Amino acid sequence: MTKRITHIIGRIFFWFLVLLVAFYMLFPFYWAINSSFKTENQLQMTPATFLPRDQTTLEFAPTFQNYIAVFRNERFQHGLINSTIVAVSTTLLSLLIGSFAAFALGKLRFRGRTPSLYIILSMTMFPQVAVLTGLYAVIRVLGISAIPSMILSYLLFTLPFTAWVLTAFFQGLPDEIMQSAQVDGATPLQTFWLILLPLTAPALVTTGLLAFINAWNEYLFALTFTTIEVDARTVPVAIALFTGEISHQEPFGEIMAAAVVVTIPLLILVLIFQKRIMAGLTAGAVKG
Amino acid sequence: MAGLKKLGELQKSEERLAYLLLLPTLFILVAIAIYPLATVFYNSLTDKKFASSQEVSFIGLRNYRELLSVTVKELPPVIDADTGEVQIDSETNQPVYERAINILPREPFRFRAMKQFNLFGKMYVIGATDREFVRAIGDTLAFTVVTVILETILGLGVALVVNANFKGRGVMRAVMLVPWAIPTAVSSRMWEWMFNSTRTGLVNVVFQNLGIGNGQIPFLVDTAWQIPAMITIDVWKTTPFMALLLLAGLQLIPKDLYEAADVDGAGMIRKFFTITLPLLRPTLAVALVFRTLDAIRVFDLFQIVLQNTRFSMASFAFYNLIDSQTMGYSSASSVVIFVLISVFAVFYIRLLGAEND
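In structure tokens form, the structure reads like this:
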């Protein structure tokens, strides 16, 4: 009997913990959603309400005006387009270039393989801020505008990671595949394109997703390279510098609406590809 | 013989192909990492200004001396000229000390007072030539140590909960990815709103209900609250990532170890300390250093939430590049960050090497 009671108490405690964790992780985002549906006046209500409520009747009264304002905001529209261009291009480039390198490192024999691997591994930890001034100088010499600059500079953190994870994946593929393709007269490059690359599709999706999310969220380079070219600003920069159309005070209702708008697509991606993302996140760090 | 020759040729062509395939990656990494890094090292030794045609001159380690010079000086008590005794402040009843500005050296750079403290009855002052950067180093290191410790403990707790077998485990894991997936720029603004300095800010409402403050705490302006607020935001954002890494480590632990411990009648706590913790050690070590490297270069959070009122090392470098346009000086601060991170990275690679042996 006592054993059953302790079991029940244990279960209750456990579920309490589960709910606590879920609450902690979701609450700030819930608060952003809540605030995004409030008018400027509702935001000023004290104490703050947990749902958008009418100031006098206290009835549930959400407003869509923040969302309308955000979608009418040209800076934000540009931001969405710029972010999409930058993140998609960075992802495709790093997958293409990274898979070449990964194939060489994972499946071909050549001198200098181990040092190359070490260089790429150490690059995955490279601090972006350390090259900030130098990279800016390179970009000015190349004379390229802000969007290609961002795409090029984002490869600094997406390419080494992609190459590293894909190398591990290529190494995991059995050598027999390559050998039998060679016996059939395929060149190594043909084997790579026609046989190995399709096999790595799951790893490409995983690393591609992570590269996309990292590029979508990047702030330091985007802020630096768009200081002059304001139209090239990406979403994180637009949100960080968000100012309202009308009010002089920080328009937190609109900022929260913008925050929700840019986060929803990411959350959908994350929910669909949950397992892949987790595999990718841990692939770089945890090796059995 | 002919076969061997052919084999050699095959090997050579394989090698050529490998170099060809590696070339784009190496070329890009040289162009966007290694060459810029070399430029940063070089610029850090000059007085280069950003976007200016002014002639650049080589100034050696001057930038570093200006960034990092710190001194501690004793402040002598003021002697009354008439009585020959130590002057006593009539209001506080404390001895009057010489003003720091008269004591701190002015050459080659002017030292400014950061903090005064009393030790064994003597008054001292800490002076620095760049108060902002020295403070940024201290703040960044404190931020790093506290966030990494909190994230590890909380992350381990969350990982243990989610590792258990229960209905809704999949949902919980998805929930854990939410803070991680939100861009830092966005989460910074979300928390900025929650930390608002009036009762419209949620944290102020909660604190007031708990009897802390009067509902008007300016968390992001008050120097005593700034760093704790930064830590709160970062811990929320990054604990899930830590938990996911540790969860992957937990799943590598063979289940039969726990079954064997059950047979021996070991309790939960005993199992945690004799099985879970020792076997999780490699993952824990890797996760710890990963997070440390990330926390030292924190930028988004400080730059967005604290604007230019207080800096992390990275936001200091950014401010000096874009706002002050002192490229050489900014480069020197970047080099300091790079060196700090490299020290940790070398430690990390050693650690991994030791685990693999």
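Residue numbers (our numbering), protein chains in the order written: chain A, 1 to 288; chain B, 289 to 645. Here a beta-carbon is modelled for each residue, glycine too, at the ideal position from N, C-alpha and C. Treat the numbers as computed from the prediction; the structure is a model and nothing was measured.
Rounded separation between residue i and residue j - CA only
| i | j | result |
| --- | --- | --- |
| Glu439 (chain B) | Glu386 (chain B) | 44 angstroms |
| Met45 (chain A) | Thr488 (chain B) | 6 angstroms |
| Leu173 (chain A) | Ile277 (chain A) | 21 angstroms |
| Ile255 (chain A) | Thr263 (chain A) | 12 angstroms |
| Ala647 (chain B) | Tyr118 (chain A) | Nothing can be reported for residue 647 (chain B): it is not among the residues displayed for chain B, which extend from 289 to 645. |
| Leu58 (chain A) | Val493 (chain B) | 18 angstroms |
| Leu196 (chain A) | Arg353 (chain B) | 54 angstroms |
| Gly616 (chain B) | Leu333 (chain B) | 7 angstroms |
| Leu266 (chain A) | Gly79 (chain A) | 15 angstroms |
| Thr187 (chain A) | Asp582 (chain B) | 42 angstroms |
| Ala240 (chain A) | Phe338 (chain B) | 24 angstroms |
| Ala163 (chain A) | Ala102 (chain A) | 5 angstroms |
| Asn82 (chain A) | Thr227 (chain A) | 15 angstroms |
| Met411 (chain B) | Gln382 (chain B) | 11 angstroms |
| Ser149 (chain A) | Gln539 (chain B) | 41 angstroms |
| His7 (chain A) | Phe14 (chain A) | 10 angstroms |
| Thr200 (chain A) | Phe169 (chain A) | 7 angstroms |
| Ile563 (chain B) | Lys543 (chain B) | 10 angstroms |
| Leu305 (chain B) | Ser99 (chain A) | 14 angstroms |
Residue-level contact to chain A via CB, residue i, 9 angstroms cutoff
| i | result |
| --- | --- |
| Gly426 (chain B) | no |
| Arg569 (chain B) | no |
| Glu303 (chain B) | yes |
| Ser618 (chain B) | yes |
| Gly296 (chain B) | no |
| Ser475 (chain B) | yes |
| Tyr607 (chain B) | no |
| Ile629 (chain B) | yes |
| Trp481 (chain B) | yes |
| Met615 (chain B) | yes |
| Phe454 (chain B) | yes |
| Ala554 (chain B) | no |
| Pro506 (chain B) | no |
| Ser485 (chain B) | no |
| Trp513 (chain B) | no |
| Met518 (chain B) | no |
| Thr526 (chain B) | no |
Minimum Cβ-Cβ distance from residue i to chain B less than 9 angstroms
| i | result |
| --- | --- |
| Gly98 (chain A) | yes |
| Ala69 (chain A) | no |
| Ile81 (chain A) | no |
| Ser116 (chain A) | yes |
| Gln77 (chain A) | no |
| Asn66 (chain A) | no |
| Ile213 (chain A) | yes |
| Val18 (chain A) | yes |
| Trp193 (chain A) | no |
| Ala168 (chain A) | no |
| Gln44 (chain A) | yes |
| Gln274 (chain A) | yes |
| Thr84 (chain A) | no |
| Ile9 (chain A) | no |
| Gly288 (chain A) | Residue placement at Gly288 (chain A) is flagged as unreliable, the pLDDT there being 33, under the threshold of 50; the coordinate-derived value follows with that caveat. By this cut-off, Gly288 (chain A) is an interface position. |
Environment of residue i [buried if 16+ CB atoms lie within 10 Å]
| i | result |
| --- | --- |
| Lys38 (chain A) | buried |
| Tyr30 (chain A) | exposed |
| Pro396 (chain B) | exposed |
| Val459 (chain B) | exposed |
| Phe408 (chain B) | exposed |
| Met348 (chain B) | Per the sequence presented here, residue 348 (chain B) reads as Gly, with Met not at that position. So Gly348 (chain B) counts as exposed. |
| Val165 (chain A) | buried |
| Val631 (chain B) | exposed |
| Leu96 (chain A) | exposed |
| Lys525 (chain B) | buried |
Any non-hydrogen atom of the ligand NAD closer than 8 angstroms to residue i Cβ
| i | result |
| --- | --- |
| Lys107 (chain A) | With respect to the ligand NAD, the structure shown offers nothing to examine, as it has no ligands at all. |
Partner residues on chain D for residue i, Cβ-Cβ distance less than 8 angstroms
| i | result |
| --- | --- |
| Arg109 (chain A) | Among the protein chains in the structure shown, which are A and B, there is no chain D. |
Members of the segment 124–158 of chain A that neighbour chain B once the beta carbon cut-off is set at 8 angstroms = Correct list: Met125, Phe126, Pro127, Gln128, Val129, Ala130, Val131, Leu132, Thr133, Gly134, Leu135, Tyr136, Ala137, Val138, Leu152, Ser153, Leu155, Leu156.
task = Would you mind listing the beta strand (DSSP E) stretches within the segment 247–281 of chain A that are 3+ residues and don't spill past its ends, in chain order?
result = With a minimum length of 3 residues, no continuous beta strand (DSSP E) run stays inside the segment 247–281 of chain A.
task = With 7 angstroms as the C-beta to C-beta threshold (strictly closer), list the residues of the segment 251–268 of chain A near chain B in chain order.
result = Here the close residues are Phe252, Ile255, Met256, Ala259, Val262, Thr263, Leu266, Leu267.
key: chain A contacts from the segment 316–332 of chain B (Cβ-Cβ distance under 8 angstroms)   = Going along the segment 316–332 of chain B in chain order, one finds Ile316, Leu317, Ala319, Ile320, Ala321, Tyr323, Pro324, Leu325, Ala326, Thr327, Val328, Asn331 with a Cβ nearer than 8 angstroms to chain A.
message = At 3 residues or longer, what runs of the beta strand (DSSP E) sit wholly inside the segment 443–475 of chain B?
response = No beta strand (DSSP E) of 3 residues or more sits fully in the segment 443–475 of chain B.
Ordered list of alpha helix (DSSP H) runs contained in the segment 483–548 of chain B, each at least 4 residues = 490–497, 511–538, all fully within the segment 483–548 of chain B.
task = For the segment 93–125 of chain A, list the alpha helix (DSSP H) runs that are entirely contained and at least 4 residues long, ordered along the chain.
result = Contiguous alpha helix (DSSP H) elements confined to the segment 93–125 of chain A occur at 113–123, taking only those with 4 or more residues.
ask   = Unbroken alpha helix (DSSP H) runs of length 4 or more, entirely within the segment 344–414 of chain B: which are they?
value = 350–356, 388–391, all fully within the segment 344–414 of chain B.
task = Kindly provide the ranges of any alpha helix (DSSP H) runs that are 4 or more residues long and lie completely inside the segment 29–87 of chain A, ordered along the chain.
result = Qualifying alpha helix (DSSP H) stretches, in chain order: 40–43, 65–72.
message = Give me the subset of the segment 411–435 of chain B whose CB atoms are less than 7 angstroms from a CB atom of chain A, sorted by chain position.
response = Result list empty, no residue passes.
ask   = What are the start and end residues of each continuous alpha helix (DSSP H) run of 4 or more residues lying completely inside the segment 142–190 of chain A, in chain order?
value = Qualifying alpha helix (DSSP H) stretches, in chain order: 146–172, 175–183.
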